[in-house]
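Here the sequence shown stands for residues 0 to 74, numbered as in numbering that gives the first Met the number 0.
Built from N, CA and C at the ideal position, the CB exists for glycine as well.
As the structure is a prediction and not an experimental result, all values here were calculated from the model.
Quick notes on the structure that follows.
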Amino acid sequence: MTYVTVSAKIDRELREKLRKYGIPVSKVVRKALEEEVRRVEEEEVRKALQRIGGVLEKIPSEEIAALIREGREER
Numbered sequence: 000m001t002y003v004t005v006s007a008k009i010d011r012e013l014r015e016k017l018r019k020y021g022i023p024v025s026k027v028v029r030k031a032l033e034e035e036v037r038r039v040e041e042e043e044v045r046k047a048l049q050r051i052g053g054v055l056e057k058i059p060s061e062e063i064a065a066l067i068r069e070g071r072e073e074r
């Protein structure tokens, strides 16, 4: 895995509190960024599912059932 450095400016008071409490900045930032990426990806999937659902609503259920049966028979 390759790493890159990301930097952010914070005020001096916050930096002093981070040091005082021994808060590992890189670990906290990494976790926050990972969570934000996960949140955005989940939102993308949610939107895609809504679009797909709209398309599937237009297909008659009989046709969907026939396609599923056909798929099972191919196995």
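Problem set entry | For Y20, the first and last residue of its enclosing alpha helix (DSSP H) | If you number the sequence shown from 1, residue 20 lands on position 21. Segment R11 to Y20, the alpha helix (DSSP H) holding Y20.
Problem set entry | C-alpha distance - A7 paired with A47, whole-angstrom precision | Counted from its first residue, the sequence shown places residue 7 at position 8. Counted from its first residue, the sequence shown places residue 47 at position 48. Going from the Cα of A7 to the Cα of A47 covers about 33 Å.
Problem set entry | Collapsed DSSP secondary structure at L57 in the structure displayed | Taking the first residue of the sequence shown as 1, we reach residue 57 at position 58. Per the sequence presented here, residue 57 reads as Lys, with Leu not at that position. Coil, per DSSP.
Problem set entry | CA-to-CA distance, E43 to L66, given in whole angstroms | For the purposes of this step, residue 66 is identified with residue 67 of the sequence shown, where counting begins at 1. For the purposes of this step, residue 43 is identified with residue 44 of the sequence shown, where counting begins at 1. Answer to the nearest angstrom: the Cα atoms are 27 Å apart.
For this session: With distances taken Cα to Cα, identify the nearest neighbour of L13 among V3, V24, S60 and V5.
Result: Taking the sequence shown and counting its residues from 1, the one referred to as residue 13 is at position 14. Of the listed residues, the one whose Cα sits closest to L13 is V24.
Problem set entry | Within-8 Å CB hit, R38 to chain C | Of the protein chains in this structure there is only one, and it is not chain C.
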